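To keep things clear, I will list the structure first and then write my remarks on it.
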Amino acid sequence: MGIVNVTDDSFSGDGLKGDTAAAIARARQMAAQGADIIDLGAESTRPGAAPVSPEQEIARLLPVIEGLKDLAVPLSVDTRHAATMRVAAKAGAALINDISALEGAGSLAAAAESGLPVVLMHMQGEPGSMQQAPHYADVVAEVFDYLRRRIEACEAAGIPRAKIILDPGIGFGKTPAHNLSLLRATAKFRDLGCALLVGVSRKSFIGAVSGETDPTRRLPGSLAAGLWALSQGANILRVHDVPETVQAVKIWRGIGAAPVTDRNVW
Ligand code: 9MG
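If you read the sequence shown in our numbering, its first letter stands for residue 3, the second for the next number, and so on.
Here it is, written out as structure tokens:
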């Protein structure tokens, strides 16, 4: 899943500041480079970021979705707003990616009516303040339990489990240690019976562990964490660096697909 941020800013330095033509070009480039999904977002989720109104969000996203109508790769819309979900679904979006796991007013109903698959992500707090004092007694158990309850809420609203993709929300109200614990436990989230999405690309825990302060220089750490997640059962990686990730995944898959015999194992 390639990330296209039509935001004023972005923690990773890739915000396209509402530039429709640049967002369309970036999405087409990512599709040509091998992305299977393009995630379009118009609200920065950088820690400390201010919220965006649904009207602003729609004004930024709709022309981009319309400009990509002919793209063979499905579009995901990254939004917490029911109004945006409705407009995006009508315009042709194929997936709803909600960092608030459809907790917003009317979001469960809007997503259910759309019939689209949904990404339910865990976040402690709000983007504006979530990194001030993240706290858990047991981060894996709490995130697992939260996602289980959100699956139940979705099913009650008419969204079947088969259309639900879960995401532990790396970096959303979590310390570096919380993020590492969640990644270590990736396989456990498969017990919930849904596909898994993981977003580690350029995130601050990679900086905390490696010492790399510039997010645009965190590709090696992003690939290491992403391949770990895939090896533990994740199905989708949300990434900024599409061609590099596609190459890494091809090699990872090739190794996994090779027949293992006592002749070719050294
Ligand atoms: C919008 N956004 C930013 N980071 C994300 C992540 O890790 N997962 C999902 N689903 N969305 C994200």
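In this text, a Cβ means the ideal position worked out from N, Cα and C, and glycines have one as well. The structure displayed is predicted, hence computed values, not measured ones.
Bridge-paired residues (DSSP) for residue i
i: Gly43; result: Asn7 and Asp80
i: Leu239; result: Val200
Near the ligand 9MG: residue i beta-carbon under 8 Å from a heavy atom
i: Val121; result: yes
i: Phe174; result: yes
i: Val200; result: yes
i: Gly43; result: yes
i: Asp10; result: no
i: Asp243; result: no
i: Asn181; result: no
i: Gly160; result: no
Residue from the options with nearest C-alpha to residue i
i: Ala2; options: Ala113, Leu182, Pro136 and His180; result: Since the displayed the chain opens at 3 and closes at 268, residue 2 lies outside it and no answer follows.
i: Arg255; options: Asp243, Ala96, Pro245 and Leu232; result: Leu232
i: Ala24; options: Ile161, Pro65 and Ile39; result: Pro65
i: Ile67; options: Ser224, Thr247, Tyr138 and Ala93; result: Ala93
i: Ser46; options: Leu70, Arg28, Gly130 and Trp230; result: Gly130
i: Ile60; options: Val145, Asp72, Phe191 and Gly43; result: Gly43
Extent of the continuous alpha helix (DSSP H) run through residue i
i: Asp1; result: This structure cannot speak to residue 1, because the chain is shown only from 3 to 268.
i: Met32; result: Thr22 to Ala34
i: Asn181; result: Pro178 to Arg186
i: Lys252; result: Val244 to Ala259
i: Pro53; result: Segment: none, Pro53 is in no alpha helix (DSSP H) and carries neither H nor E.
i: Gly117; result: Gly117 -> no alpha helix (DSSP H), and no H or E assigned at all.
Residue range of the beta strand (DSSP E) that includes residue i
i: Ile98; result: Leu97 to Asp100
i: Leu168; result: Ile166 to Asp169
i: Leu194; result: From DSSP, Leu194 is part of no beta strand (DSSP E); its letter is neither H nor E.
i: Leu122; result: Val120 to Met123
Stretch-stretch touch, CB-based, cutoff 8 Å, three pairs: the stretch 208-217 with the stretch 161-171
no
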